[in-house]
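Number of protein chains: 4
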Amino acid sequence: MARSQTPRRKRANGVESRRRILDAAVEIAGERGYEGTSIAAVSARCGLPASSIYWHFKDKDDLIAAVIETGFETWLAAFELPAEETGTPLERVTAMAAGVAERLVDAPDFLRLGLMLALEQRPAEPRGRTVFLRIRATAAQRIAEMIAALFPALGEDAVRSLTVYAMAGADGLFVQRQIHGGTVDLAAMFELHARLLHDAAARMAQEGDERH
Amino acid sequence: MARSQTPRRKRANGVESRRRILDAAVEIAGERGYEGTSIAAVSARCGLPASSIYWHFKDKDDLIAAVIETGFETWLAAFELPAEETGTPLERVTAMAAGVAERLVDAPDFLRLGLMLALEQRPAEPRGRTVFLRIRATAAQRIAEMIAALFPALGEDAVRSLTVYAMAGADGLFVQRQIHGGTVDLAAMFELHARLLHDAAARMAQEGDERH
Amino acid sequence: MARSQTPRRKRANGVESRRRILDAAVEIAGERGYEGTSIAAVSARCGLPASSIYWHFKDKDDLIAAVIETGFETWLAAFELPAEETGTPLERVTAMAAGVAERLVDAPDFLRLGLMLALEQRPAEPRGRTVFLRIRATAAQRIAEMIAALFPALGEDAVRSLTVYAMAGADGLFVQRQIHGGTVDLAAMFELHARLLHDAAARMAQEGDERH
Amino acid sequence: MARSQTPRRKRANGVESRRRILDAAVEIAGERGYEGTSIAAVSARCGLPASSIYWHFKDKDDLIAAVIETGFETWLAAFELPAEETGTPLERVTAMAAGVAERLVDAPDFLRLGLMLALEQRPAEPRGRTVFLRIRATAAQRIAEMIAALFPALGEDAVRSLTVYAMAGADGLFVQRQIHGGTVDLAAMFELHARLLHDAAARMAQEGDERH
DNA sequence: AATGAATGAGGATTCATTCAT
DNA sequence: AATGAATGAATCCTCATTCAT
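Protein chains in written order, with the working numbering: chain S, 370 to 581; chain B, 370 to 581; chain V, 370 to 581; chain P, 370 to 581.
Given below as structure tokens:
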């Protein structure tokens, strides 16, 4: 009985701790990249001793990978899929782009980290990089399917090119936002991106048609 | 005569050494980013002891900044400006894009480093980041001027948007290339980028015209 | 049971380790001063790796400050206060001086370090210096009170002068001892110091009296 | 002829350079002690490259020793010896003390350095320390002779004690001045010191007399 | 008389990680 | 579930010194 007087708190709570560590880690890693993220810094920011971090994660690599994973999960969870599959192709491409733009505005930490990892080219690739690239690949797959569905006349190569261009635009606009901050109107830029992609797809579809 | 037989143990040659250090540093920093670049690694790759690196550069920060600076200089030097200012706007935009694409293929180290620095958001900003952003800003200025010249009907905002989009596309395509390697046909993608930019500019110019 | 045979490689014991580090540090710093004290040397003398020192102390500055602090504490603890407040002024001053002389003989490391720190005049003052000066200031206060109590006729200025002279004599004799070693009979010299101080105080008190 | 157009300056001038180096070195060493004085810092303060310092001085030890030597020379040079050997013993002791006090006020760098060296107790004694102690020894000799001359009745031991006490007072007051700055009125304190020394000598001389 | 360049040893400090409790 | 203590390897950088010119 005397025991339960000091209530809850400090009653070791794994889930909570794990979350706190991850929260601290995204912030730091999103600011400073993989190497710039020291366990000591994460420990300082989350208030748990470094050794506790090792109770929850095998090693730094594991921690960063988890950051990417859960970061992506929460990012995805925020998406309310438009579901209704109606409207002109332009409308649908634009709607999609608007969704991405919206998500991009306030979840930059995990994405920034991901991009940094993606740019690195070191011999022993961090697992977080692999995870991030896998996620990107499935995203690209999704985009490719959408393009193919909206413009059935497009050949495989055209779809591939457009997909690459679509991803590139998203990455690039994200980078612009990182660099120039609020100055860049992500919503407007993504609307432009959607429009240009749509026009390009439409033209390519037509050209492809004519050729046959 | 007999004297010059042994090359006399490391004849002091500042310029040469500095170059060797910078060469080693771009490679490493381009692969692993700022934090990932250890002075010891640079020392190992260039053959000079770490303390010698500090003769040529005040600090790691100074070294990285110099890497960005000279990296950009050599990058620019490789550009053969088309000079002849003729052709349709589309031709000219495309030519410009082709030039950039070409440069992007084989000078990725310094650019990758620059992008990584740009993405970082640490409290004490590395000087290299500042330098890189300054360079980018003048590049953006150049692009804006070109767009304004080719499409005089465009308003300020339109030029700004198109410039951001142009830079974003370039960054994004560079990132795609880093991630997917040779799979991405930079020349083709930049041609597409140029075309879309041109079409967008043309349409905006027309819309602006009609409004008045 | 079989288990506890090997003392299990360095059983963690914070308090013990901290003490060992401090012990090693006083010795070295007392011999060579602040800059002359390398963490590596301390590590070597106390047997703990350098990195362990940093578990116990934030920095070298922190370590040296702790050396001064605990050095002074143990030094003070060794004083058996005469308690009995009787005897002629001369007897009491002499008793006090004898006590100090005694302490000065065998606790020179921490004091030598303190004096060296006090003499330094570098822009970024080591924290140990501040601590040492604070301690000295309270010691001086104690001396001033004693003088004022024994010679109530003395004015403020006279007390201040005598206090400065008392401290100066102590410092100076300590220095002589450091330089000339056993040759200097600290006990005798401090007895002389006490006598002269007493005479000066007595005369000043008398002069002050006559003036009114 | 064309040669002498750019006049004097930079016309290598050994004496000048040597002086600049020494000036820089006293300042720095007087602030930070032996170990705290880096050749690089001296080089920065005097404007000559580190390698030039090695042209004028064999090594750091040599430089510091030279600092002590020349520091002492200029210090001594400033003394205008009272020469006239008249007056009561008290007057003469006081005059001497006044002279020392005066010199002590504005030449603290070299003395501070000397004291720091004297306090150090490291295995490999810097040559500067030896030099400083030698100088002190001759100074002590001078004092002893003066005391013996003024109080012929004093025995050897008494002279020795008084000499030690005289030096100790000077050192201690110097230290007080270093610590408390202008607050300490060196002139007044040295006058007190002289008076007390004189009284002690007089009494000792009398006691010695009576004993016989 | 002077100096630019170089260099190995050592400086303080931080790193990721482990382990006994 | 958590943590205080420890640790070897690595970090950046400064040190005193040398040497060819």
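Glycine residues also receive a C-beta, built at the ideal position from the N, C-alpha and C atoms.
Would residue i be called buried (16 or more neighbouring beta carbons within 10 Å of its own) or exposed?
| i | result |
| --- | --- |
| residue 503 of chain V | exposed |
| residue 542 of chain B | buried |
| residue 531 of chain P | buried |
| residue 393 of chain B | buried |
| residue 406 of chain P | buried |
| residue 575 of chain V | exposed |
| residue 445 of chain B | exposed |
| residue 429 of chain B | buried |
| residue 511 of chain S | exposed |
| residue 559 of chain S | buried |
| residue 404 of chain V | buried |
| residue 448 of chain P | exposed |
| residue 409 of chain S | exposed |
| residue 535 of chain B | buried |
| residue 506 of chain S | exposed |
Please confirm whether residue i and residue j have their CB atoms less than 8 Å apart.
| i | j | result |
| --- | --- | --- |
| residue 469 of chain P | residue 539 of chain P | yes |
| residue 486 of chain S | residue 495 of chain S | yes |
| residue 422 of chain B | residue 412 of chain B | yes |
| residue 437 of chain V | residue 500 of chain V | yes |
| residue 563 of chain P | residue 516 of chain P | no |
| residue 442 of chain V | residue 490 of chain P | no |
| residue 433 of chain B | residue 483 of chain B | no |
| residue 537 of chain P | residue 544 of chain V | yes |
| residue 556 of chain V | residue 467 of chain V | yes |
| residue 478 of chain V | residue 553 of chain V | no |
| residue 620 of chain V | residue 565 of chain P | Given that chain V is displayed from residue 370 to residue 581, the structure contains no residue 620 of chain V and the question cannot be resolved. |
| residue 402 of chain B | residue 440 of chain S | no |
| residue 520 of chain S | residue 418 of chain S | no |
| residue 481 of chain P | residue 488 of chain V | yes |
| residue 513 of chain B | residue 573 of chain B | no |
Check whether the Cβ of residue i lies closer than 8 Å to any Cβ atom in chain P.
| i | result |
| --- | --- |
| residue 475 of chain V | no |
| residue 487 of chain V | yes |
| residue 484 of chain V | yes |
| residue 539 of chain V | yes |
| residue 400 of chain V | yes |
| residue 574 of chain V | no |
| residue 385 of chain V | no |
| residue 404 of chain V | yes |
| residue 553 of chain V | yes |
| residue 561 of chain V | yes |
| residue 434 of chain V | no |
| residue 536 of chain V | yes |
Step through the CB atoms of chain V and report whether any lies within less than 8 Å of the CB of residue i.
| i | result |
| --- | --- |
| residue 548 of chain P | yes |
| residue 440 of chain P | no |
| residue 428 of chain P | no |
| residue 469 of chain P | no |
| residue 557 of chain P | yes |
| residue 565 of chain P | yes |
| residue 371 of chain P | Here residue 371 of chain P scores only 41 on pLDDT, less than 50, and its place in the model should not be relied on; the value that follows carries that caveat. Not closer than 8 Å to any Cβ of chain V, the Cβ of residue 371 of chain P fails to qualify, so no. |
| residue 545 of chain P | yes |
| residue 569 of chain P | yes |
| residue 379 of chain P | Here the model assigns residue 379 of chain P a pLDDT of 49, short of 50, so the residue's position is not dependable, and the following value carries that caveat. False, the Cβ-Cβ gap to chain V never drops below 8 Å. |
Could you check whether the Cβ of residue i sits closer than 8 Å to any Cβ belonging to chain B?
| i | result |
| --- | --- |
| residue 395 of chain S | no |
| residue 530 of chain S | yes |
| residue 500 of chain S | no |
| residue 445 of chain S | no |
| residue 375 of chain S | Because the pLDDT of residue 375 of chain S is 40, which lies under 50, any placement of that residue in the model is unreliable, and the question is left without a value. |
So, is the C-beta of residue i closer than 8 Å to a C-beta in chain S?
| i | result |
| --- | --- |
| residue 533 of chain B | yes |
| residue 542 of chain B | yes |
Continuous alpha helix (DSSP H) assignments of at least 4 residues falling wholly in the region 470-506 of chain S: Runs of the alpha helix (DSSP H) inside the region 470-506 of chain S: 477-488.
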